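There are 4 protein chains.
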Amino acid sequence: MKQRLWTLLEDNSTPIGRNFDYFIQTLIFLSLFAFAVETLPGLSDDTQALLLAFETFCVVVFTLEYVLRIYVAQNRLKYIFSFYGLVDLLAILPFYLTTTMDLRALRSFRILRLFRAFKLIRYNRALKRFHIAARLVREEIVLFFLIALIMVYLTSAGIYYFENEAQPESFASIFHSFWWAIVTLTTVGYGDVYPVTVGGKIFTFFVLIIGVGIVTIPAGLVASALSRARQIEEGKEQEAEM
Amino acid sequence: MKQRLWTLLEDNSTPIGRNFDYFIQTLIFLSLFAFAVETLPGLSDDTQALLLAFETFCVVVFTLEYVLRIYVAQNRLKYIFSFYGLVDLLAILPFYLTTTMDLRALRSFRILRLFRAFKLIRYNRALKRFHIAARLVREEIVLFFLIALIMVYLTSAGIYYFENEAQPESFASIFHSFWWAIVTLTTVGYGDVYPVTVGGKIFTFFVLIIGVGIVTIPAGLVASALSRARQIEEGKEQEAEM
Amino acid sequence: MKQRLWTLLEDNSTPIGRNFDYFIQTLIFLSLFAFAVETLPGLSDDTQALLLAFETFCVVVFTLEYVLRIYVAQNRLKYIFSFYGLVDLLAILPFYLTTTMDLRALRSFRILRLFRAFKLIRYNRALKRFHIAARLVREEIVLFFLIALIMVYLTSAGIYYFENEAQPESFASIFHSFWWAIVTLTTVGYGDVYPVTVGGKIFTFFVLIIGVGIVTIPAGLVASALSRARQIEEGKEQEAEM
Amino acid sequence: MKQRLWTLLEDNSTPIGRNFDYFIQTLIFLSLFAFAVETLPGLSDDTQALLLAFETFCVVVFTLEYVLRIYVAQNRLKYIFSFYGLVDLLAILPFYLTTTMDLRALRSFRILRLFRAFKLIRYNRALKRFHIAARLVREEIVLFFLIALIMVYLTSAGIYYFENEAQPESFASIFHSFWWAIVTLTTVGYGDVYPVTVGGKIFTFFVLIIGVGIVTIPAGLVASALSRARQIEEGKEQEAEM
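Chains as they are written, first to last, in my numbering: chain A, 1 to 242; chain B, 1001 to 1242; chain C, 2001 to 2242; chain D, 3001 to 3242.
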């Protein structure tokens, strides 16, 4: 019995395991879609009732799945506190919590239901290669993350110095300037805040020449690490064949 | 006869085949240009008549080409339902359909004529290397596409939670927030919608630090796959020489 | 005599050749700076006279240099019609032309003087590696350039179809939509034009997911080609040492 | 005694050296945070007094650390004039200078205290690999930096020519146009300045197609150089093991 349940839940290589996976993934997609529909303004009472019914159905299925996964797990505590165990729990917990609490607090807890989206990742094999790549460039990514944060700090302090007098509201403090700095260094550039003084513009000129690269280098690092991860994988397969 | 037609249509290595290709490609370019000219406001009747005449000429040539391609094809059904067979058909179909239908619906069908643009690709050899590269990184691209979609969903839901009250129109629902999310994560940043609350800005700060890379990594993946595709190609050529 | 002039003009390995190069490069920088200063509004007559005097001095030096380069060249016609020969000529020609023509037309010719900037490149050795890299990925760059142009065309036609009625001025025709398409696909996103209809926004959503990569891939291609160009160079040096 | 101090200050492999490092780094983070808090408008007198007290404490600790580092250094002059020696000095100097000078000038000197942020980098090992990568691609980066500057100059001069008459304030001179050029070529695109004439838009179209890549290529170069730096490092480790 436990063996058959394990096959259903964890073994993608059998037809029944695959079909169960498809069913769960479809349900996740539908429940994410339903969650987005719920936020639409001006829904009729009928639609809201339907959405609540579907939400209840989803939570029942996900709860059953969660309990069974604990049941079939070899090391139950390990599963419960693993990343996916916590995601599985967070995907259903808000529903139970909100029924016993003030409804006004409901919305802030509902946002947690979004963790359900992470479950989509669970079933994807190609992710393994990504883990190899992540290990290859972990140190560089951490370093660039640190440099990027220093860059954001220095840029914010610099622009605060140049623009604070001319635009006391947009650049009220270094913390307020963080918003401009991150929007500029990632090249989003909404245009809600931008330097207007000559000093601020010249400062931004040099920040852009040096800073933009620092923010885009990590993406290139991950890309080249992924192509090396593939080579390592292929190398292992060739060794296994020999 | 059929052999000579095949040479004309499909064999780029003979002068007559090459010239036919140049002729068709020039016609495609001119008809795309004419289509753009047609949309200019305030055209005189003479210009419109001229454009219609040229359009008719193009369709006649493309129809002839299409019929001949079916005639010379070894496996006719396979050609008709291949990607380029469908593009060839879609490039001429709207013209015939619009003459038998209400003219008001014409404009929505004309847009299909744009598929003609895809025919330009048909004749390019360097595309082969791109196919090899695509096969090399297909799984990673699919994975990143999935992660990017999850990212867009989570970002939209998060910003909806922070900004809905302050800007009920721009962030009316999660669906409305998708627009902001995609414009921000691709770093386009038009500036028509942006967070104004402190919570929304801090949320965007972290989204930008993590999310921008995820959207730009696939481009780096394709670039490194293309350089490996070239190495594979060169390796095969060296083997063939030996 | 001719031999000594050749050393002065073309041989960077001697002190006199190097110093002459430094002198010319400094003069190019200064004349570019002076050209920018000239465009400042509200210059005094004295400043304008000074700038004209300096401009005359630069042109005299550059003319002398150009004549001497022709004199010492082994194949004079080849030099005159080479890329740098033409740049050298274009850097001085506008000055002579403007003195014999209507002064109103002067400004449009002055812009040609900017070609002087290209002379800066002449002296840089690292450029060679760039040439190797360019040869390695020429076909891919051409292909992506073509795909990018098709992308711009299809995007413009699509957005024209969705937005023309809602914003008849910004999206007056496919040609007018080109502006929006290029600003969006390169992720600049000024925010002067953006879709407002639901259809246009959904269309832009998919365009951004697919299109942004196509525009950024060529940069990645060039980067990986440059690192291979360096490997090829190192390989040759090792062979030469053996 | 000197030996023990050296262990404390410079030897990360002992527990006492590591703990000292953690202490200094935490203090740097806290003092950077305090500096940002100081810029917040409307702080109470108590908070300002507290921040000044903490600032004084930090400067005392950093001064002690600086003096000790000079004391334990083998070559004292070399340390004082090294990059980190200067950063260590600049991190404390503004505090002493401001107490003996007019307080109005204080703010412009305070900005120098930001150099303290650079100290964070000092302790990171992964930086070594970055140095190797920097040496590998130094020439290409310099070349692209030069090309990018020429690109900015040519783009500014071109747009000045097209837009000066239509927008005499935004494009008042080539210097004024630099702001538009850098914001466009790095794809930030705030939207405060953009071309409005047909000529200016067509010019920008071609600038974007060619120019955007030139600005993003250096990031790709550094990324691929970093992955080669890792290979070189691994190669050396394997040799050392043999």
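Don't be surprised by glycine CBs; every beta carbon is placed ideally from N, CA and C.
The model shown is predicted, which means the values in this text are computed figures rather than measured ones.
May I have the straight-line CA-CA distance separating residue i from residue j, to the nearest angstrom?
i, j, result
"residue 1200 (chain B)", "residue 1181 (chain B)", "12 Å"
"residue 1022 (chain B)", "residue 183 (chain A)", "47 Å"
"residue 2202 (chain C)", "residue 2208 (chain C)", "10 Å"
"residue 239 (chain A)", "residue 6 (chain A)", "32 Å"
"residue 3211 (chain D)", "residue 3204 (chain D)", "10 Å"
"residue 3019 (chain D)", "residue 3062 (chain D)", "16 Å"
"residue 3185 (chain D)", "residue 3171 (chain D)", "16 Å"
"residue 3144 (chain D)", "residue 3221 (chain D)", "10 Å"
"residue 3118 (chain D)", "residue 3029 (chain D)", "At residue 3118 (chain D), the pLDDT of 49 sits below 50, so the modelled position is not reliable and the matter cannot be decided from this model."
"residue 3054 (chain D)", "residue 2228 (chain C)", "53 Å"
"residue 3137 (chain D)", "residue 137 (chain A)", "19 Å"
"residue 3193 (chain D)", "residue 1084 (chain B)", "43 Å"
"residue 188 (chain A)", "residue 3067 (chain D)", "44 Å"
"residue 2057 (chain C)", "residue 3197 (chain D)", "35 Å"
"residue 113 (chain A)", "residue 1148 (chain B)", "Bear in mind that the predicted position of residue 113 (chain A) carries a pLDDT of just 45, short of 50, making it too unreliable to give a figure here."
"residue 1175 (chain B)", "residue 1158 (chain B)", "12 Å"
"residue 79 (chain A)", "residue 86 (chain A)", "8 Å"
"residue 2002 (chain C)", "residue 2024 (chain C)", "20 Å"
"residue 1004 (chain B)", "residue 1093 (chain B)", "27 Å"
"residue 1141 (chain B)", "residue 2052 (chain C)", "58 Å"
"residue 2008 (chain C)", "residue 3164 (chain D)", "41 Å"
"residue 2224 (chain C)", "residue 3224 (chain D)", "7 Å"
"residue 47 (chain A)", "residue 1173 (chain B)", "15 Å"
"residue 3129 (chain D)", "residue 3077 (chain D)", "27 Å"
"residue 72 (chain A)", "residue 60 (chain A)", "18 Å"
"residue 97 (chain A)", "residue 36 (chain A)", "20 Å"
So, is residue i buried or exposed, given that buried needs 16 or more other C-beta atoms within 10 angstroms?
i, result
"residue 10 (chain A)", "exposed"
"residue 3177 (chain D)", "buried"
"residue 1218 (chain B)", "buried"
"residue 2082 (chain C)", "exposed"
"residue 1042 (chain B)", "exposed"
"residue 3074 (chain D)", "exposed"
"residue 1232 (chain B)", "exposed"
"residue 2154 (chain C)", "buried"
"residue 2151 (chain C)", "buried"
"residue 191 (chain A)", "buried"
"residue 3016 (chain D)", "exposed"
"residue 2014 (chain C)", "exposed"
"residue 3049 (chain D)", "exposed"
Which residue comes first and which comes last in the alpha helix (DSSP H) that contains residue i?
i, result
"residue 68 (chain A)", "45–72"
"residue 7 (chain A)", "2–10"
"residue 1085 (chain B)", "1083–1090"
"residue 1038 (chain B)", "1015–1038"
"residue 196 (chain A)", "Here residue 196 (chain A) belongs to no alpha helix (DSSP H), and DSSP marks it neither H nor E."
"residue 2079 (chain C)", "2076–2080"
"residue 2183 (chain C)", "2174–2185"
Using only the heavy atoms of the ligand PLP, determine whether one of them is closer than 8 Å to the beta carbon of residue i.
i, result
"residue 1057 (chain B)", "Annotation note on the ligand PLP: not contained in the displayed structure, which lists no ligands."
Please list, in chain order, the residues of the stretch 3086–3099 of chain D that have any C-beta partner in chain A closer than 8 Å.
Cβ contacts with chain A: none found.
Give, in chain order, every residue of the stretch 2155–2170 of chain C whose Cβ lies closer than 7 Å to some Cβ of chain D.
Identification of residues in the stretch 2155–2170 of chain C having a C-beta nearer than 7 Å to some C-beta of chain D yields an empty set.
Relative to chain D, which residues along the stretch 2214–2225 of chain C have a C-beta separation below 8 Å, given in chain order?
2215, 2216, 2218, 2219, 2220, 2222, 2223 and 2224
By the 7 Å beta-carbon criterion, what residues does the stretch 3184–3209 of chain D contribute toward chain A?
Near chain A, meaning a CB-to-CB distance below 7 Å, the residues of the stretch 3184–3209 of chain D are 3186, 3187, 3188, 3189, 3190, 3191 and 3192.
What beta strand (DSSP E) runs, 3 residues minimum, are completely inside the stretch 3147–3173 of chain D?
none
In the stretch 1025–1043 of chain B, which residues sit with their C-beta less than 9 Å from some C-beta in chain C, listed in chain order?
Under the 9 Å Cβ criterion, the stretch 1025–1043 of chain B contributes 1032, 1035, 1036, 1037, 1038, 1039, 1040 and 1041.
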